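Chains A and B, in that order, give the protein sequences.
As numbered in this note's numbering, residues 50 to 161 make up the first sequence, in order.
As numbered in this note's numbering, residues 2 to 115 make up the second sequence, in order.
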Amino acid sequence: DQQVKQNSPSLSVQEGRISILNCDYTNSMFDYFLWYKKYPAEGPTFLISISSIKDKNEDGRFTVFLNKSAKHLSLHIVPSQPGDSAVYFCAASVHGAYKYIFGTGTRLKVLA
Amino acid sequence: NAGVTQTPKFRVLKTGQSMTLLCAQDMNHEYMYWYRQDPGMGLRLIHYSVGEGTTAKGEVPDGYNVSRLKKQNFLLGLESAAPSQTSVYFCASSSQGFGNSPLHFGNGTRLTVT
């Protein structure tokens, strides 16, 4: 029972263009969503988050959009850079549950 | 500024052997977690702890045990390793355990069970 799903295992984008990574969830109790970035042989690192009371959060080149009615969130990277090539995980948490559930990840490749 | 440190980095076990993975954090975080990463499966939560002396089961706890005797350490044990436990294991810690309190991850332990 995968509560957080990333249906695209991989994505290739040209440098300078927009990268859009998608994430779907099934548990309506999730109230916070986070995106992590992972390079090979390293642990994931936190990128950006969004509360369920918001529909958008922006941090530099990274913007996360949340559509609660569709139980869908997306991460936009504009403009994409070769250094953005990594695996991206979305994660969700429930207030007071003290744990984070991760999606399956999307491998982004930014072509120079 | 070590953050989260995992030892060992690599390990090869034979089926039936046991081992313990050690995780140490120096950020005074209450919450600690063990995840495994497998191709196509993402990061799955094995066990977690909400404070010293506590442990709880995650999504895939079978075949693993954990202990949190000290706040800064979280140990993951495999009593009788199986090939299905071949994976990359990540430890993480968090100050709040939910919401806008991100996880800080170690660099992982790659375990192969033959």
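No residue lacks a Cβ here, since even glycine has one placed at the ideal position from N, Cα and C.
Only a predicted model underlies this, so the values are computations on that prediction, with no experimental measurement involved.
- The continuous stretches of beta strand (DSSP E) do not include B/Gly-52, and DSSP gives it neither H nor E.
- For the pair B/Ala-83 and B/Thr-21, the Cα-to-Cα distance works out to about 14 Å.
- No alpha helix (DSSP H) of 4 residues or more sits fully in the region 30-106 of chain B.
- Ranked by how close their Cα comes to the Cα of A/Lys-117, the residues A/Phe-111, A/Ser-134, A/Ile-99 have A/Ile-99 in first place.
- By the Cβ neighbour-count rule, B/Leu-44 is buried, with 16 or more other Cβ atoms within 10 Å of its own.
- Between the C-alpha atoms of B/Pro-62 and B/Gly-98 there is a straight-line separation of about 19 Å.
- B/Met-42 reaches chain A at Thr-153, counting residues in chain order whose Cβ is nearer than 8 Å.
- Three or more beta-carbon pairs separated by less than 8 Å are not found between the region 5-16 of chain B and the region 50-67 of chain B, which leaves the two stretches without contact.
- Judged by beta-carbon spacing, A/Ser-101 lies within the 8 Å limit of A/Tyr-81, meaning their Cβ atoms are closer than that value.
- Spanning the alpha carbons of A/Asn-71 and A/Leu-160 requires a straight line of approximately 19 Å.
- For the region 52-79 of chain B, the residues whose beta carbon sits under 7 Å from a beta carbon of chain A are, in order, Gly-59.
- Taking 8 Å as the cut-off, the beta carbon of A/Phe-111 is found closer than this to the beta carbon of A/Ile-126.
- Here A/Arg-156 is bridged, per DSSP, to A/Ser-59, A/Val-136.
- By the neighbour-count criterion, in which a residue is buried when 16 or more other Cβ atoms sit within 10 angstroms of its Cβ, B/Ser-81 is exposed.
- Using a CB distance cut-off of 8 Å, A/Pro-89 does not count as an interface residue toward chain B.
- Taking 8 Å as the threshold, the shortest C-beta distance from B/Asn-101 to chain A falls below it.
- Per DSSP, the unbroken beta strand (DSSP E) holding A/Glu-107 starts and ends at 105-108.
- In terms of beta-carbon proximity, B/Phe-91 lines the interface with chain A, with at least one pair separated by less than 8 Å.
- Per DSSP, the beta bridge partners of A/Asp-73 are A/Lys-54, A/His-121.
- Boundaries of the beta strand (DSSP E) harbouring A/Tyr-85: 81-87, taken from the DSSP string.
- For B/Gln-7, the uninterrupted beta strand (DSSP E) run begins and ends at 5-8, by DSSP.
- Taking C-beta atoms under 8 Å as the contact rule, B/Leu-79 and B/Tyr-65 qualify, at a distance of about 6 Å.
- Interface annotation for the region 115-146 of chain A against chain B: Phe-138, Ser-142, Val-143, His-144, Gly-145, Ala-146, criterion Cβ-Cβ distance under 7 Å.
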